[in-house]
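Novice: Here the protein sequences line up with chains A and B, keeping their order.
Residue 437 in our numbering is what sits at position 433 of the first sequence, and the numbering runs on without skipping anything.
Residue 8 in our numbering is what sits at position 6 of the second sequence, and the numbering runs on without skipping anything.
Each residue gets a CB set at the ideal place from its N, CA and C atoms; glycine is no exception.
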Amino acid sequence: MSQDKKMFIKALRKKFKETPEDMYTKYYIYNAWKQSARKREFFELSKKLAKQRGIPGYNPEVHLGSPMGQRVLMPYQLSGTDIYCEADDLHIINNAAMQQMWHDIRRTVISGLDAAHMVLQKRLGKEVTPETVNNYLEILNHALPGGAVVQEHMAEINPGLVSDCYVKVFTGDDELASEIDKRYVIDINKQFPAEQAKQLKAAVGKKLYQVCRMPTAVSMCCDGGTMARWAAMQISMSMIDAYKLMAGEAAVGEFAFAAKHAEVIEMGTLTPWRRARGPNEPGGVPLGYIADICQASRVKPDDPCWVSLEVISMGAVLYDQFWFGSYMSGGVGFTQYATCTYTDNVLDDYTYFAADYVKKKYGAYGKIKPSWDLIKDVSTEVSLYGLEQYEKFPALMETHFGGSQRAAVVAAAAGIGISLATGNSTAGINSWYLSQLLHKEDLGRLGFYGYDQQDQCGSSNSFSWRSDEGLPFNLRGVNYPNYALNVGHQSAHSGIVQAAHAGKGDAWTTNPLVKIAFADKSLVFDFTHPRLCFGKGALREFMPAGERTLIVPSK
Amino acid sequence: MTNYKPQFYPGTTTPSKNRRKYMDPSYKLQKLRTISDDDLVRIMGHRVPGEAYKSTHPPLEETGEPACPIREMVTPTPGAKAGDRIRYIQLTDSVYIAPVAPYVRAWMYHNRWRGTDVGVLSGRVPLEMRERDLEKVAKELVETEIFDPARTGIRGATVHGHALRLDENGMMFDAQRRYIFNKKTKEVDYVKDQVGVPLDKPIPLGKPIAEDELRKRTSEFHASFEPFRKDQELIEWVQRIHMLRTMAGNDPESIKGV
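#1: What does a CB cutoff of less than 6 Å around A415/A pick up in its chain, not counting 5 residues either side in sequence?
#2: So which of P60/A, I190/A, K30/A, P64/A has the shortest CA-CA distance to E45/A?
#3: Give the DSSP-derived three-state secondary structure of C309/A in the structure shown.
#4: Should I155/A go down as buried or exposed, given a rule of 16 or more other Cβ atoms within 10 Å for buried?
#5: What did DSSP end up calling I96/A once you bin it into helix, strand or coil?
#6: What residue range does the alpha helix (DSSP H) around C461/A cover?
#7: How long is the line joining the alpha carbons of A84/B and L489/A, rounded to whole angstroms?
#8: Taking only beta-carbon positions, decide if M27/A is within less than 7 Å of chain B.
#9: What is the C-beta distance between A236/A and P283/A, in whole angstroms, given that I count them as a contact (C-beta under 8 Å)?
#10: Using three-state DSSP, classify K194/A as helix, strand or coil.
#11: Could you pull the start and end residues of the beta strand (DSSP E) that Y188/A belongs to?
#12: Between W376/A and chain B, is the shortest Cβ-Cβ distance under 7 Å, so that the two count as touching?
#13: Please confirm whether N162/A has its beta-carbon closer than 7 Å to some beta-carbon of chain B.
#14: Is W339/A near Q325/A, with beta carbons less than 7 Å apart?
#15: Assuming P210/B and A140/B make a contact with CB atoms under 8 Å, what is their CB distance in whole Å?
#16: Below 7 Å between beta carbons is the criterion; list the residues of the stretch 161-176 of chain B that meet it against any residue of chain A, in chain order.
#17: Suppose you measure from the CA of A523/A to the CA of P197/A; what does that come to, to the nearest Å?
#18: Between the C-alpha atoms of E473/A and T220/A, what's the straight-line distance to the nearest angstrom?
#19: DSSP puts Q125/A in a beta bridge; with which residues?
#20: Which residues in the same chain have their Cβ closer than 7 Å to the Cβ of E67/B, if we skip the five residues on either side of it in sequence?
#21: Determine whether the beta carbon atoms of A266/A and I239/A lie at a separation below 7 Å.
#22: Between the Cα of A561/A and the Cα atoms of V171/A, S558/A, K130/A, which residue gives the shortest distance?
#23: Leaving out five residues before and five after S50/A in sequence, what residues of the same chain have Cβ atoms less than 6 Å from its Cβ?
#24: Quick check: P476/A and A207/A, are their CB atoms within less than 7 Å of each other?
#25: Compare the C-beta of N434/A against all C-beta atoms of chain B and say whether one is closer than 7 Å.
#26: Using CA coordinates, which residue listed in S526/A, L447/A, V491/A is at the minimum distance from Q458/A?
#27: Compile a chain-ordered list of the residues in the stretch 479-490 of chain A whose CB is closer than 7 Å to at least one CB of chain B.
#28: So that I know if they touch, is there some Cβ in chain B lying closer than 7 Å to that of K21/A?
#29: So, F538/A versus M102/A, is the Cβ gap smaller than 7 Å?
#30: Quick one: is R247/B near chain A, going by C-beta distance under 7 Å?
#31: Listing by chain order, which chain A residues have their CB less than 9 Å from the CB of Y105/B?
#32: Given a cut-off of 7 Å, decide if A225/B and E22/A are closer than it, judged by their beta-carbon atoms.
#33: Determine the extent of the alpha helix (DSSP H) in which Y394/A is found, giving its start and end residues.
#34: DSSP state of F357/A, grouped into three classes?
#35: Roughly how many angstroms separate the alpha carbons of G499/A and K508/A, rounded to a whole number?
#36: Can at least three beta-carbon pairs, one atom from the stretch 426-434 of chain A and one from the stretch 443-459 of chain A, be found at a separation below 8 Å?
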């Protein structure tokens with residue numbers, strides 16, 4: 005590949021005035037933090053706020069030793085887009101699109117309707133038809149956002165505050181789907197390419213599932229554990245209304261049981277006590293779920309690299325920025341390096357290199373049997389390619405100025421290469437670990453202590469079957485013991501899962517229900533193009549849900 | 003085991019050979035510069051030159067030791083014996099063929115000195131020891147061939163710079179500007195201590211090591227002069243370790259003939 009064709013060159017030229025190959029530059033001449041428009045904005049605002057509240061706040065001059073900006077405070081390009089922004093714009097608190105992505109995941113609960121329908125028919129002798137289902141869905145779309153359906157004197161929720169709340173259904177049965185009011189249906193045939201739709205419908209069969217989206221406002225005020233409860237309460241009340249049931253008879257409890265336990269699919273499982281969070285929190289979202297939540301695979305099914313990179317961006321925001329960077333630590337530290345996997349087209353370049361290498365040398369994706377020869381060859385070649393780019397382009401080395409950034413990006417490409425070749429994500433993660441060991445010996449350095457501890461013992465747990473280590477890779481996540489502090493890894497890991505399936509043309513990676521649930525145009529965040537959406541958030545062009553303008557004083 | 007001879011490190015290239023050399027405690031590190039004890043104490047910033055060592059416990063001979071087979075086997079270092087507090091020196095190594103890379107530094111510390119507590123990050127290596135022991139080791143760290151005033155930095159905080167391009171004088175970036183290139187003397191002067199507190203007077207640490215000399219001494223690979231991919235022996239060693247670890251995690255019985 006010629007130098008100019010490297011995918012990251014454009015971003016490097018925008019970041020620095022020197023050529024990307026230049027090893028020398030000047031420092032201490034950039035007017036410190038004042039070189040950044042965003043930091044100037046923060047400073048001016050902070051001065052006003054300090055007057056208003058009587059307490060000083062943001063002040064970049066208190067930085068230890070000397071203020072930030074002794075070198076170029078570089079802009080970042082959202083990979084796969086033409087959007088450039090400042091690093092500050094990618095902090096989750098400064099980016100409404102990132103927040104909405106997380107809210108849209110957390111406020112989602114999938115719940116089967118078949119158990120409830122069986123109770124209605126066999127125990128209560130009620131008739132269930134497409135008409136009664138439509139009636140039920142109309143009622144639930146009133147009740148789920150906070151409307152009363154049974155009680156005669158109730159406080160209700162202002163619909164303007166919860167306009168993003170609704171319920172839809174899906175089924176693998178085309179005939180049944182066609183009989184349900186289309187406003188309530190996630191139409192698999194319309195949302196997915198034909199081959200993917202076929203796979204998904206076969207997996208779902210004749211079952212009917214409802215996808216409840218609780219209000220973003222509830223997600224902001226409560227937690228992930230609220231969601232199934234909120235859904236179950238309103239589902240039960242709606243069943244009473246739709247099928248004219250006695251409020252409180254034992255059978256009604258079955259609806260709540262089905263919605264809370266028997267037929268519920270939450271996006272994340274509970275986390276252990278030492279990191280205690282309820283279900284539907286980022287720590288419990290498996291890698292395979294984040295891959296399925298991302299909808300890039302139905303937009304460009306023939307570009308498995310692009311699909312994997314889009315998944316990785318969501319993994320970076322969810323796991324690294326929300327979970328590790330905020331739930332587990334807080335503060336400012338994690339944005340700066342979590343963004344390396346989805347900015348400046350660096351990982352894109354390494355990933356397409358890996359894909360080309362596999363295609364040219366082995367002929368196809370998803371069909372090569374995993375073997376040591378294959379893993380050693382692809383992992384080593386891709387890792388050395390990535391590492392050499394840092395050495396050939398000092399501007400690139402400066403872009404990823406932390407070792408954890410470089411380690412994540414290089415190993416991600418190595419893992420994706422093997423996933424693509426074999427269609428096996430566990431072989432993919434094994435390649436990741438070989439890459440990390442090679443990286444450590446090449447540069448004589450890797451990440452920070454908390455970063456590379458896992459990578460130095462990861463080879464041995466990649467194919468382990470021991471009960472506390474042996475989990476198919478798709479089902480791992482930060483809830484997997486050795487990944488509990490695995491900062492900066494899970495983003496790429498979700499891409500390694502995705503690549504194994506994208507290369508084979510699979511419609512989903514881990515759970516077809518999750519994949520279908522997010523094939524929904526009514527969602528606020530655009531799960532088909534997450535990187536573009538994050539970019540819009542950075543440019544302040546993304547409109548989130550959950551705003552409170554209806555109930556606060558106007559300015 | 004009596005005939006066991008440590009091999010320290012595999013590889014056929016200059017960086018591998020230098021890693022092997024620096025890790026071998028029988029190899030005497032070559033002294034390239036002199037820094038007075040007092041100046042080193044000033045740069046580290048833990049005590050004023052001449053000030054007594056602060057202690058966290060009385061000398062061991064006063065406190066007495068509980069019956070413990072480990073304590074009987076391990077002779078305390080002078081700092082431990084005296085009850086010194088633990089203090090640190092932290093070094094940053096540029097990726098542009100500095101003499102030592104962070105992991106090499108840690109391996110070297112463990113092989114060469116006792117009583118070390120080392121951490122390795124991509125851009126810095128903290129070394130914590132009893133204070134008087136630390137000062138002795140720090141002297142060797144700064145005066146010998148494993149230190150280049152331009153591409154090795156003594157930094158307690160705000161350490162980033164290892165991966166940044168070099169400045170117009172070939173110096174590694176330091177946001178706190180703890181050291182400056184003195185254009186008159188062509189030497190590097192430290193003007194602040196490890197955490198950036200200004201020193202009363204500049205402390206010269208000598209001239210940067212010349213590029214061709216660095217290439218001979220470095221333990222870092224770089225595509226521009228000695229690429230990692232050239233060291234096939236080292237690459238195969240890494241691949242073998244990875245393969246054995248993987249197999250051991252899956253089914254240790256499957257490993258034969260190791």
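Specialist: Considering the structure as presented:
#1: W436, S439, Q440
#2: P64/A
#3: helix
#4: First, the residue type needs correcting, since residue 155/A is Gln and not Ile in the sequence shown. That one is exposed.
#5: coil
#6: 453-466
#7: 38 Å
#8: yes
#9: Not quite, the Cβ-Cβ distance comes to about 12 Å (not below 8 Å), so this is no contact.
#10: helix
#11: From DSSP, Y188/A is part of no beta strand (DSSP E); its letter is neither H nor E.
#12: yes
#13: no
#14: It is Thr, not Trp, that sits at residue 339/A in the sequence shown. Yes, Cβ-Cβ distance for T339/A and Q325/A is below 7 Å.
#15: Contact doesn't hold; Cβ gap of about 20 Å is too wide.
#16: H162, A165, L166, R167, L168, D169, E170, F175
#17: 12 Å
#18: 35 Å
#19: Its beta-bridge partners do not exist; DSSP assigns none.
#20: R73
#21: no
#22: Absent from the model: residue 561/A. The displayed extent of chain A is 5 to 559, so no value can be given.
#23: G61, Y62
#24: no
#25: yes
#26: V491/A
#27: none
#28: no
#29: yes
#30: yes
#31: K444, E445, L447, G448, R449, L450
#32: no
#33: 376-396
#34: helix
#35: 14 Å
#36: no
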